[in-house]
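Residue numbers (the numbering used here): 667 to 983. All residues carry an ideal CB built from backbone N, CA and C; glycine is no exception. See below for the structure under consideration.
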Amino acid sequence: MRKPPPNPHDLSRHDLDDILGTINEEVRQRFGEGEVADYIPSLADVPKDRFGMALALLDGKIHEVGHSRERFSIQSLSKVHTLTLALEAVGDGLWRRVDREPSGDPFNSLIQLEHEKGIPRNPFMNAGALICADVILSNFDDAEATLLAFMRARSGNPEVGTDEAVAKSERESGHRNVAMANFIRSYDNLDNDVQDVLDFYYLQCSLCMDCVDLARSVQYLADGGHCGASGVQVTTAEGATRINSVMMTAGTYDAAGDFAYYVGLPAKSGVGGGIAAVVPHVMGLCVWSPGLDEKGNSLLGRYALHRFTRMTGLSVF
Ligand code: GLN
667 MRKPPPNPHD LSRHDLDDIL GTINEEVRQR FGEGEVADYI PSLADVPKDR
717 FGMALALLDG KIHEVGHSRE RFSIQSLSKV HTLTLALEAV GDGLWRRVDR
767 EPSGDPFNSL IQLEHEKGIP RNPFMNAGAL ICADVILSNF DDAEATLLAF
817 MRARSGNPEV GTDEAVAKSE RESGHRNVAM ANFIRSYDNL DNDVQDVLDF
867 YYLQCSLCMD CVDLARSVQY LADGGHCGAS GVQVTTAEGA TRINSVMMTA
917 GTYDAAGDFA YYVGLPAKSG VGGGIAAVVP HVMGLCVWSP GLDEKGNSLL
967 GRYALHRFTR MTGLSVF
């Protein structure tokens, strides 16, 4: 009789520190690949020879390697957290204002917005994140304080904060986001002042965190909505499943198919070089390396996640 394949979810089968060490060695050989996001001037100076990776297991244990405690600009990773807050505020009503389909277009694309009458394709493109920002501004008394408290509680790190220089840099260079917000407003799909929505969006992108903070911050998505760092039920198990699904299909923009193919985990990238991912029922994880591929995803980060899922068998496929 054929023996059943080993269960990758049994973590005692893996030497996770050894696996992280191997990945770290491999990635270091490739330092220098990819380009930093110089369209946001304050991100242009980040050195490329950086790589960190952290795993946050459901029992609270952390495994980490490399520059896992170096803070970086989380950029679009924050879109996972703002989607969670927006869904908490208005529930399924959110989906009347933003869709949940993959875009096949870059994160900052405007092209579908006119055809689709100001309804962004998904909450992880910039356009969709502006809707979540608008919902949060409308539904929480102090939106900025709410987001900051959320990030601190999810990561268990009270020192999580924003980098004003990054927010300023985005405010000064974000012409495309300005166009997008005004365009959406012209379809009556923003309730708040366009500048207020943009300011909140720049603030969320300018949050500064390290791989350990970020791995912990998405752990609730691996644990049926329960956040280990704070002991709080952040969303329902169904809510976590749904957010993971959108991450899988849209979290890495027009490379989502490629990510499913090579990595096979719900993941969200940011142009600061971070990628947060979820192994459902097992762990939250985060990789960081600032060199990006042509789709705006961390090139070595994607490689590291690919190696991790292949060495452990921990992909959802
Ligand atoms: N702040 C960035 C922007 O608006 C976020 C993009 C990203 O990380 N993919 O362009």
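Q | Close Cβ partners of Pro671 (< 6 Å) along its chain, the five nearest in sequence each way excluded | A | Taken in chain order, the list of residues that qualify is empty.
Q: Taking only the alpha-carbon atoms, compute the straight-line gap between Leu723 and Glu825 and give it to the nearest angstrom.
A: Roughly 21 Å separates the two Cα atoms.
(Q) Between Val693 and the ligand GLN, is there a pair consisting of the residue's CB and a ligand heavy atom that are separated by less than 8 Å? (A) Every heavy atom of the ligand GLN is 8 Å or more from the Cβ of Val693, so no.
Q) Based on the DSSP output, what are the partners of Met719 in its beta bridges? A) In DSSP, Met719 forms a bridge with Val731, Val953.
Q | Euclidean distance between Cα positions of Ala793 and Gly936 | A | Their backbone Cα atoms lie some 15 Å apart in a straight line.
Q: Quick one: which unbroken beta strand (DSSP E) runs of 3-plus residues sit fully inside the region 770–858? Chain order, please.
A: The region 770–858 contains no whole beta strand (DSSP E) run of 3 or more residues.
Q.
Can you determine whether any heavy atom of the ligand GLN sits closer than 8 Å to the C-beta of Phe773, and answer yes or no?
A. Checking every heavy atom of the ligand GLN against the Cβ of Phe773, one is found closer than 8 Å.
Q. According to DSSP, what are the bridge partners of His892?
A. Beta-bridge analysis with DSSP links His892 to Gln899.
**Q.** Beta-bridge partners of Gly1036, as assigned by DSSP
**A.** Only positions 667 to 983 of the chain appear in the structure, and residue 1036 is not among them; the question remains open.
Q: Check whether the Cβ atoms of Gly930 and Ser964 lie closer than 9 Å to each other.
A: The answer is no: Cβ separation not under 9 Å.
(Q) Following a CB-centred definition, is Asn858 positioned closer than 8 Å to any heavy atom of the ligand GLN? (A) No, the beta carbon of Asn858 sits no closer than 8 Å to any heavy atom of the ligand GLN.
Q: Answer yes or no: the CB of Val937 versus the heavy atoms of the ligand GLN, is any distance below 8 Å?
A: Checking the Cβ of Val937 against the ligand GLN gives yes.
Q) From what residue to what residue does the beta strand (DSSP E) around Leu873 run? A) In the DSSP assignment, Leu873 falls within the unbroken beta strand (DSSP E) covering 873–875.
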